[in-house]
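In our numbering, the protein residues as written are 1 to 154. Before any comments, here is the structure.
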């Protein structure tokens, strides 16, 4: 009977990696939004620009969370990662170290919309609520691959 690998806390992405992921992905999603607004304005439709400019602070916060969640959802569904994770050397896996299901990725993205979710990263092992709700793990690629190789050599 073959042994089953399970992700251990030793391969989790660090706080630094998760912070890089957050800032890079927030920047990229905002840049994409700006590009969409500029394209709309150049084509003579400034509706999105005026709508965005009319938002109050609360609406801006909600809108920002939603467009970051959509960026992460699409990136993770189509490319298996986000640009932030590629830059920081991390990736998303399930409990067995495999690529997460589409359902898990959708749940991850919905979990990002939880108010104050950012504070869930202040724990020792740096797993956000969107990770816990979707039963996914963000791991350091190098450490993860080393641990998986060692596990299969035993």
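Ideal Cβ placement from N, Cα and C applies to all residues, glycine included. Because the structure is a prediction, the values reported are computed rather than measured.
Does the Cβ of residue i have 16 or more other Cβ atoms within 10 Å, making it buried, or fewer, making it exposed?
i, result
"residue 36", "exposed"
"residue 101", "exposed"
"residue 154", "exposed"
"residue 134", "buried"
What do you reckon, are the CB atoms on residue i and residue j nearer than 9 Å?
i, j, result
"residue 84", "residue 118", "no"
"residue 132", "residue 111", "yes"
"residue 96", "residue 5", "yes"
"residue 40", "residue 48", "yes"
"residue 21", "residue 88", "yes"
"residue 34", "residue 73", "no"
"residue 142", "residue 82", "no"
Tell me, please, which residues DSSP counts as bridged to residue i.
i, result
"residue 93", "137"
"residue 12", "139"
Does any CB atom of chain D fall closer than 9 Å to the CB of residue i?
i, result
"residue 103", "Looking for chain D here will not work: only one protein chain is present."
Grouping DSSP H, G and I as helix and E and B as strand, with all else coil, what is residue i?
i, result
"residue 84", "helix"
"residue 38", "helix"
Using CA coordinates, which residue listed in the options is at the minimum distance from residue i?
i, options, result
"residue 18", "64, 120, 147, 146", "120"
"residue 78", "99, 26, 94", "99"
"residue 7", "43, 140, 153", "140"
"residue 115", "126, 64, 123, 81", "64"
"residue 69", "145, 94, 130", "130"
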